[in-house]
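The opening residue of the sequence shown carries number 432 in our numbering; numbering runs sequentially from there.
Backbone N, C-alpha and C fix where the C-beta goes; we use that ideal spot for every residue, glycine too.
Just below is one structure, and these are the notes that go with it.
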Amino acid sequence: MRQYLDLDKRTLEKVVCNQCGRELRLENGILQEGVFSGEARWGYFSGKDGEKHTFDLCETCYDQLLKSFRIPAAVEEETELI
432 MRQYLDLDKR
442 TLEKVVCNQC
452 GRELRLENGI
462 LQEGVFSGEA
472 RWGYFSGKDG
482 EKHTFDLCET
492 CYDQLLKSFR
502 IPAAVEEETE
512 LI
């Protein structure tokens with residue numbers, strides 16, 4: 432869950448893991464640790480037509496989610512990090 436200082440969502444004020452509730456480390460509006468940001472836009476033929484869901488997970492909660500998969504996620508090495 433992200434909270435912003437301004438209405439145009441340019442300056443982060445706080446990021447909280449939606450699973451465990453831990454506040455992630457921010458410095459000058461920049462995240463200082465890994466986070467998984469998810470977004471799902473639901474359309475026709477779902478029970479959530481027209482809804483948009485967004486969430487953030489800390490790295491620990493993300494790892495727990497991956498462990499629950501029956502089929503493992505594909506993992507590739509990145510040579511250039513942002």
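- Look at Gln-463 here: in three-state DSSP terms it is coil, with no helix or strand label.
- The DSSP-derived three-state label of Gln-450 is coil.
- When DSSP states are grouped into helix, strand and coil, Leu-496 belongs to the helix group.
- In this structure, Glu-454 is the residue among His-484, Glu-454, Asn-459 and Ile-461 with its C-alpha nearest to the C-alpha of Glu-490.
- In this chain, the beta strand (DSSP E) harbouring Lys-483 covers 483-489.
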